[in-house]
Structure formats: structure tokens, C-alpha cells
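S.K.:
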Amino acid sequence: MDVGKVFPVYEKPHHRLLQMLSPKSRKKRWFREFRALNGISFQVHRGETVGIVGRNGSGKSTLLQIICGTLAASTGTVVTRGRIAALLELGAGFNMEFTGRENVYMNGTLLGLSREEVHARFDEIAAFADIGEFIEQPVKSYSSGMFIRLAFAVAIHVEPDILIVDEALSVGDEAFQRKCFARIERLRDQGATIVFVSHSAGTVLELCNHAILLDHGDLLACGKPKDVVALYQKMLYASAEAAMQLRAACLARMNGTGEDESALPPAALEKPRIDDRHEDEAAHFDPGLVSRSVLRYESHGAHIEDPHIQTLGGRRVNVLSHGEEYIYAYTAVFDRVATGVRFGMLIKTVAGVELGGAVSSPVQDPIAVVEASERLHVRFRFRAMLAPGTYFMNAGVTGRIGEEESFLDRLVDVFVFRIPPDSGRIITGFVDFHVVPEVSQALQVG
Ligand SMILES: Nc1ncnc2c1ncn2[C@@H]1O[C@H](COP(=O)(O)OP(=O)(O)OP(=O)(O)O)[C@@H](O)[C@H]1O
Ligand SMILES: [Mg+2]
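Using our numbering, read the sequence shown as starting at 59 and increasing by one per residue.
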């Protein structure tokens, strides 16, 4: 509760020594204070999986270290119940001079297992780490991937009540990451509490049921992963000024003084216009189905207008029939000359999982020049090969800014559509692969 952390920062290396030598009573201090965390308060309930996001240097690792007790808080307290296993910075908890095997024993007992318990689990740990003969080598000879394999194997096999992971998994190769996430999911399903830091929005959305956004040591948001990640992404791409405004609005909201929430998502969106001529076919347009999580990134010379889905015949719809073809369309308005222009679309699930999208042309073949005040109609024809459910769409215009291709305008969750349940098909997951099931009786032998 109310956790704060102040680090002493020394301007010159020898100031640290001077400070150590100077008597406590002396007024002169050889350091200045740096506040890495400002009175952070939140609760994590048993069995929750919490993702912590934030820019580099926002205080995520500091917070994790305080939670698992490797760093003392300057103010406030942390209360935890149960066995904590942590994967923090690479190297923490392992002794470089000892072999992998020795470290498994040391680390395991440090995490609360008896020697016998480690012994009983050793083979399983070694098998999970899957680093072969290296298990008998000093860990200083390990690659960072091997290191994290072993550290994760130990952490997961002590069956912690609380697992704390700081980015560590991004070091492993893809197959190992998948294996780790599967284990984390299993731990979670067994009721463990998981707190982890990740820069990957996808991972947070996939694994967490709660998320926290830190910024400059402040807790800016705390809530559903989809909302928190959206806010984080918006802040990442905002100009310094826009980011400051968002920050202020978030802080006000966190402190309960927020009146001006206009800068914050969920932003209101004007309802899509219904084409009057087709009132009779209202069954395919649900006026109540409106995105409440629209995010508009800062524009850099272009504006996307009127994103919508229509049938091939031009009727606007937001309730789509499974397997039919539709057109996702928007108008791009340019207020200055743009070069190397391309257009994009993306379909996502409610949880934000990116299912698929497209761009208007390959990267080497964009529209060379678009003049100022030009308006371009962009249309993406697609087939709704999706399971029944609600889906969100993004829209984006990219162009060259300097040497780089960047977004000229970008809208997240700008359009929402639904595929109603279809009694005839049994699709699980999100995508319809046109699976043809077949079950037949096996021949009885003998
Ligand atoms: N031992 C220390 N002494 C002084 N300052 C520190 C110390 N450890 C961290 N800091 C500072 O505290 C701030 C938060 O650091 P922290 O490592 O928690 O950030 P982070 O959110 O984990 O960043 P990243 O995404 O880069 O891992 C940073 O400005 C960092 O420079
Ligand atoms: Mg960190």
C-alpha cells in the first residue's frame, strides 16, 4: 500500500564514497533523491494474473523487486501471502560460478523447498529447461536464453503461490516462450497469482485479467487489460504535450478528482450513419452496436473519415452474416502533401487479439505522392470467415515522415461488428477454417 521508492543518485562516482564517509549528522548530502515510485497502491487478488505495462524507466522493475522483497520500499508497505517465485533481471538469484545443477538446488531451497523436494523434482526441472549437458556447466558459460530456461524451470517447479516475471521470457526462443506461457496458464488455473511485466500488448491481453499502467513512477491506470493496454499504446505514440495531458487526466481519475475525462478512452464516437433507403433491412444494422473504446492517435497530415462496413451492394451493415463478402471502407483526407502512402485495416477480438488485416500495397509499392486536400476512398473487400461474436476494426494511413514510414492517421477500435450465432455451424475459437468433421466407426478386429 502506498509504496514509494527513492533512489539516491550521485553526480560523480566518488560522491558515493564521500557520502559513506560523512557523519550522519552532517547536513551536506552528496546525492540528490530520485523518486522511482510515488505512493503506488493496488491490490492483487489471489488467482489473478496482472500485467504491468509502462515505458522504459517507469518503475516496473522497481515495483516488482519491492513486491518480492529484493528491494526495500522507501515508504509504504507490501503485504503478500504465500510462496513467491520471481524471475527478475537476468542473473538475479543465480550464482555465476556454480553449475546449473548446483544452482537448481540453491535456488530451489531459497524459494522454500527442502533439499529432498528439489531432489525429487530435479529431473523434471532439467527436462523442462532442456539445456542438455550444460546443466553440469557453470552458469557463467550460459547464453541468456539457457539462463532463463533454467531459471524459469526452477521457478515453475516450486509451485509458487505468487509468480513474478519481469520481461524475462522475451529472452527465450519462441518455442520455449510458448511452453512457459502454457505453464503460466496452468499455474493460473491452479489458483496461483501472477504478476508480470511485459512490453507485449498481445501477451498482456492473452494472459492477464487485470493490468496496471505505470508512468514516471505513478500509477496511471488499473483495470481491464484491453483498456489499460489501449491507454498505454496511446501514450506511447502521443506527442510529449498530448502525453502530458493524458497523464494529468489519468492522475486526476486515479485520485478521484477527475472531472475532465474527455481525453481518456473510452472515447465517445458519433454513431455510424444509417442509410435511410434501407430502413427495411434494419436487421443487418444494429444502431446500439457502437465502439466505446475508439482511440484516435495524433494525426500527421491525414484524417480517416467515415469508416464503415457495407455489403457488396453498398448497404451499410454491422451485423454480418457468416461466410459472406463485405467491404470495409473509409475516406482518407489529406491536409498536406504526403509521400509513400499506404492504407491498412485490422480485425481484432474483444480481448484485442489481432486476427488479421491487410495493407493496400506492398511496402515497396506505395502511392508515391498524394496532394494536399486530396480525398481518397479506400475499400477492403473481405469474407467474414469468423465464428459468431463481436469484433473490432482498426484503420490506418501510413506515409513517409523523413526516412521512416509512420502513421499519418490511425484509429483503433473504430468500428465494431457482430456475427450472430449460426445454428448450423459449430466453430470454436475465432476463425472458420471450413473444417469438415467426419466420424466413423472403427472396424472391430477379431
Ligand atoms: N539502483 C538505482 N539507483 C538509482 N536509480 C534507479 C535504480 N534503479 C532504478 N532506478 C531508476 O528508477 C527508475 C525506474 O526504473 P525501473 O528499472 O523500475 O524501470 P522499468 O519500468 O523497469 O524500465 P524498463 O522498461 O526499462 O525495464 C528509472 O529512472 C531508473 O533509472
Ligand atoms: Mg525493467
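Idealized CB from N, CA, C, for every residue including glycine.
Mind checking which residues open and close the alpha helix (DSSP H) that includes Val162?
M.R.: That run of the alpha helix (DSSP H) goes 158-168.
S.K.: Would Val262 and Gly109 qualify as a contact pair, given that the criterion is a beta-carbon distance under 7 angstroms?
M.R.: Going by C-beta atoms, Val262 is nearer than 7 angstroms to Gly109.
S.K.: If you count every other CB in all the chains shown that lies within 10 Å of the CB of Asn114, and 16 or more means buried, which is it?
M.R.: Classification of Asn114: exposed, given that the 10 Å Cβ count is below 16.
S.K.: For Ser228, verify whether its CB is less than 6 angstroms away from any heavy atom of ligand 2.
M.R.: Every heavy atom of ligand 2 is 6 angstroms or more from the Cβ of Ser228, so no.
S.K.: Who sits around ligand 3, taking every residue whose Cβ is closer than 6 angstroms to one of its heavy atoms?
M.R.: For the structure depicted, ligand 3 is absent and the ligand set comprises only ligand 1 and ligand 2.
S.K.: Ordered along the chain, which non-local residues of its own chain (more than five positions away) have a Cβ less than 7 angstroms from that of Ile459?
M.R.: Cβ within range, chain order: His358.
S.K.: Are at least three pairs of beta-carbons, each pair with one atom in the stretch 248-255 and one in the stretch 273-289, less than 8 angstroms apart?
M.R.: Judged by Cβ distances under 8 angstroms, the stretch 248-255 makes no contact with the stretch 273-289, as fewer than three pairs qualify.
S.K.: Do Ile362 and Leu294 have their CB atoms nearer than 7 angstroms?
M.R.: Cβ distance not < 7 angstroms, so Ile362 and Leu294 don't count as in contact.
S.K.: Please list, in chain order, all residues of the same chain as Phe65 whose beta carbon is under 6 angstroms from its beta carbon, the five residues on each side excluded.
M.R.: Excluding positions up to five away in sequence, the list reads Phe92, Ala94.
S.K.: Would you call Phe491 buried or exposed, if buried means 16 or more other Cβ atoms sit within 10 Å of its Cβ?
M.R.: With fewer than 16 Cβ atoms within 10 Å of its Cβ, Phe491 is classed as exposed.
S.K.: Buried or exposed for Met302, please, with buried defined as at least 16 other CB atoms from any protein chain shown within 10 angstroms of its CB.
M.R.: Met302 is exposed by the Cβ-count criterion.
S.K.: Quick one: complete beta strand (DSSP E) runs, 3+ long, within the stretch 67-149?
M.R.: The qualifying runs are 90-98, 107-112, 142-145.
S.K.: Once DSSP output is grouped into helix, strand and coil, what is the label at Phe234?
M.R.: Reduced to three states, the DSSP call for Phe234 is helix.
S.K.: Kindly list the residues whose CB is nearer than 6 angstroms to the CB of Thr213, restricted to its own chain and excluding five residues on each side of it in sequence; keep chain order.
M.R.: The question names Thr, but residue 213 in the sequence shown is Ala. So the list reads Ala143, Leu145, once near-sequence residues are dropped.
S.K.: Helix, strand or coil for Ser228 per DSSP?
M.R.: Reduced to three states, the DSSP call for Ser228 is helix.
S.K.: In angstroms, rounded to a whole number, what distance separates the CA positions of Ala409 and Ala288?
M.R.: Distance between the alpha carbons of Ala409 and Ala288 is about 11 angstroms.
S.K.: First and last residue of the beta strand (DSSP E) that includes Ile459?
M.R.: Looking at the DSSP string, the run of the beta strand (DSSP E) that includes Ile459 is 447-459.
S.K.: Assuming contact is defined by CB atoms lying nearer than 7 angstroms, are Pro420 and Gly398 in contact in what I supplied?
M.R.: Cβ distance not < 7 angstroms, so Pro420 and Gly398 don't count as in contact.
S.K.: Could you tell me the boundaries of the alpha helix (DSSP H) in which Arg173 lies?
M.R.: That run of the alpha helix (DSSP H) goes 173-187.
S.K.: Could you please give the first and the last residue of the uninterrupted alpha helix (DSSP H) stretch that includes Ser46?
M.R.: There is no way to answer for residue 46, as the model of the chain reaches only from 59 to 504.
S.K.: Where does Tyr386 sit, in a helix, a strand or coil, going by DSSP?
M.R.: Residue state, collapsed to three classes: strand.
S.K.: Return the CA-CA distance between Ala209 and Lys292, expressed in angstroms with no decimal places.
M.R.: Distance between the alpha carbons of Ala209 and Lys292: 34 angstroms.
S.K.: When you compare the stretch 178-195 with the stretch 211-227, are there three or more beta-carbon pairs, one atom per stretch, that lie closer than 8 angstroms?
M.R.: Segments in contact, yes.
S.K.: Classify Arg104 as buried or exposed, calling it buried when 16 or more other Cβ atoms lie within 10 Å of its own Cβ.
M.R.: Classification of Arg104: exposed, given that the 10 Å Cβ count is below 16.
S.K.: Looking only at its own chain, which residues have a Cβ that is under 6 angstroms from the Cβ of Thr133, when we skip the five neighbours before and after it?
M.R.: Closer than 6 angstroms at Cβ, skipping near neighbours: Gly62.
S.K.: Where does Ile484 land, buried or exposed, given buried means 16+ other C-beta within 10 angstroms?
M.R.: Label assigned to Ile484: exposed.
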